[in-house]
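Residue numbers (the numbering used here), protein chains in the order written: chain A, -10 to 223; chain B, -10 to 223. The beta-carbon is built from N, C-alpha and C at its ideal position, and this holds for glycine as well. Keep in mind it's a predicted model, so treat the numbers as computed, not measured.
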DNA sequence: TATCGTAAATAAACACCGTTTATATAAGGG
DNA sequence: CCCTTATATAAACGGTGTTTATTTACGATA
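Spelled out as structure tokens, the structure:
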């Protein structure tokens, strides 16, 4: 048989290829992603995949897009679950989802934030908007917290470099919802912190040093929120 | 000719293989590292390399070891250059060397802290001691600054989780030079911050967001040092 | 209903890759 | 002078992504 039963079966096949690809990566690591392996698992031949993804790169790009959306979905779920909680609880939940999703889906996280297939880099015009998606709600919490006066930017973070402030103001106006540059700097600082800890955890660099990455992560987030006066010392 | 001229020429060849390997990675990315490519560049055949590195993994391991030492050397140089400066200046220099080396040698940095060749992971018993090497002098500066009373651990960082504190005390005693757990937590927090920013810069995730990664990096480090009261607000 | 266009699969081949095997060569020591 | 040993090679194996030409069978059209 050559043509499948259904009508729009082509899309189903494309989706199944992605599914199998992700399974293969989970099983055999990022290196285990081979067209022939996917094909054998699906009971077809490797060149057949070219009907759906002209190149291996295109398949990887599709996987990256899915990974971005999955991460965004995980953080979104955390946001809605705590939508009626305190600012601190909401940020803790969203930022906790960031790490948890990374730990549970290390391959997909590396796909987004690592060097998944060296020599390949996802098209920026596609990933740049996707990269912002997971953080939309998180930034809204920050803005809300600042507008109500709950969030105080620490003195040491108040003078953002001019080059950065101008850049932020620039695309803040472009997007339409401008964010105060110092607040934005504070957000990026927070992003850098949690991202660093997550990356060091995924590459097994921090575990031998501090023993309990999860506990340290909470400790760091709590300290951060305390400094913003969103959380009081226990 | 089969055997080269010199006596210990085998080591020279092994070193040259590493050099060419690094050149190939710089040229064609981490994916461009192929035994056949190295061999062709050197005017020999691929199997000849097996006389020096039984497997490709062994070559990569050697490259990682070199990378660790190079990073340590860069940070060491920064430390000695500022050995008579203030604590803040010394930390700024060492931590600045961390980023600068990463930016100038992105492939080597990925070799250490990334997923260089998927499916391969460096032997932990070899890399764990090496991983500490770059930070030895940095930690000494912290300890010195704390002993003289110049460094103050912020309130929000004072209660380290028990699991982490116990772990740190455990291997602090093992190594011989115990470090106060809260100080250590503070150091790791700093490491996480700079590492996160560097990783986000290398994967091109932060540049489209803040425009000037170098400036933001200094901003973050300064804020960190101010919070430790090692630097006064300008 | 017969025919045609097309989507989707295949087989075969190409140029790579890491790796193994067996073999050849030449330097250095007894 | 011979023999050990280090070092190189050629050839082959199984694997990879990718291209090409060909076949198959569905869906619509006349």
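Would you say residue i lies against chain B (beta-carbon separation less than 8 Å)?
| i | result |
| --- | --- |
| residue 153 of chain A | yes |
| residue 144 of chain A | yes |
| residue 219 of chain A | no |
| residue 134 of chain A | no |
| residue 76 of chain A | no |
| residue 140 of chain A | no |
| residue 150 of chain A | yes |
| residue 157 of chain A | yes |
Taking the alpha carbon of residue i as the point to measure from, which residue in the options has its own alpha carbon closest?
| i | options | result |
| --- | --- | --- |
| residue 110 of chain B | A:52, A:78, A:20 and A:119 | A:20 |
| residue 142 of chain A | A:222, A:131, A:194 and A:202 | A:131 |
| residue 154 of chain A | B:202, B:32 and B:181 | B:202 |
| residue 50 of chain A | A:195, A:71 and A:117 | A:117 |
| residue 129 of chain A | A:37, A:32, A:65 and A:198 | A:65 |
| residue 75 of chain B | B:92, B:100, B:27 and B:140 | B:140 |
| residue 28 of chain A | A:193, A:91, A:88 and A:7 | A:7 |
| residue 101 of chain B | A:192, A:215, A:212 and A:211 | A:192 |
| residue 213 of chain B | B:198, B:120, B:136 and B:81 | B:81 |
| residue 136 of chain A | A:103, A:15 and A:172 | A:172 |
| residue 210 of chain B | A:166, A:217, A:174 and A:223 | A:174 |
| residue 57 of chain A | A:17, A:123, A:45 and A:92 | A:123 |
| residue 88 of chain B | B:32, B:39 and B:61 | B:61 |
| residue 103 of chain A | B:48, B:220 and B:188 | B:188 |
| residue 204 of chain A | B:148, B:90 and B:119 | B:148 |
Could you check whether the Cβ of residue i sits closer than 8 Å to any Cβ belonging to chain A?
| i | result |
| --- | --- |
| residue 222 of chain B | yes |
| residue 216 of chain B | yes |
| residue 87 of chain B | no |
| residue 227 of chain B | Residue 227 of chain B falls outside the range modelled here, since chain B spans only -10 to 223, and no answer is possible. |
| residue 209 of chain B | yes |
Assign residue i to one of two classes, buried (16 or more other C-beta atoms within 10 Å of its C-beta) or exposed (fewer than that).
| i | result |
| --- | --- |
| residue 1 of chain A | exposed |
| residue 178 of chain A | buried |
| residue 25 of chain A | exposed |
| residue 4 of chain A | exposed |
| residue 144 of chain B | exposed |
| residue 184 of chain B | buried |
| residue 198 of chain A | buried |
| residue 159 of chain A | exposed |
| residue -9 of chain A | Per-residue confidence for residue -9 of chain A stands at a pLDDT of 35, beneath the threshold of 50, marking its modelled position as unreliable; the derived number appears in the next sentence. With fewer than 16 Cβ atoms within 10 Å of its Cβ, residue -9 of chain A is classed as exposed. |
| residue 133 of chain B | exposed |
| residue 40 of chain B | exposed |
| residue 71 of chain B | buried |
If you measure from the CB of residue i, is any heavy atom of the ligand NAP nearer than 7 Å?
| i | result |
| --- | --- |
| residue 205 of chain B | Within the structure as shown, the ligand NAP is missing, as the structure has no ligands at all. |
Query raised in the report: What residues in the segment 191 to 205 of chain A bring their beta carbon closer than 8 Å to a beta carbon of chain B?
Result: 192, 193, 194, 195, 197, 198, 199, 200, 201, 204 and 205
Requested in this report: Starting from the N-terminal side, write out each stretch of the alpha helix (DSSP H) that is 4 residues or longer and does not extend beyond the segment 95 to 133 of chain B.
Outcome: 95 to 102 and 113 to 121
Report task. With 7 Å as the C-beta to C-beta threshold (strictly closer), list the residues of the segment 92 to 105 of chain B near chain A in chain order. Result -> 99, 102, 103 and 104
Query raised in the report: Mind listing which residues of the segment 172 to 192 of chain A have their C-beta closer than 9 Å to chain B's C-betas, in chain order?
Result: 173, 174, 177, 178, 180, 181, 182, 183, 184, 185, 186, 187, 188, 189, 191 and 192
Query raised in the report: Using a beta-carbon distance cut-off of less than 9 Å, what residues from the segment 38 to 71 of chain B approach chain A?
Result: none
Report task. Please go through the segment 41 to 95 of chain B and give each complete alpha helix (DSSP H) segment of 4 or more residues, from N-terminal end onward. Result -> 45 to 70 and 76 to 93
Query raised in the report: Mind pulling the alpha helix (DSSP H) runs of 4 or more residues that sit fully within the segment 150 to 210 of chain B?
Result: 151 to 164, 170 to 191 and 196 to 199
Report task. Pull out every residue of the segment 3 to 35 of chain B whose Cβ sits closer than 8 Å to any Cβ of chain A, in chain order. Result -> 17, 18, 19, 20 and 21
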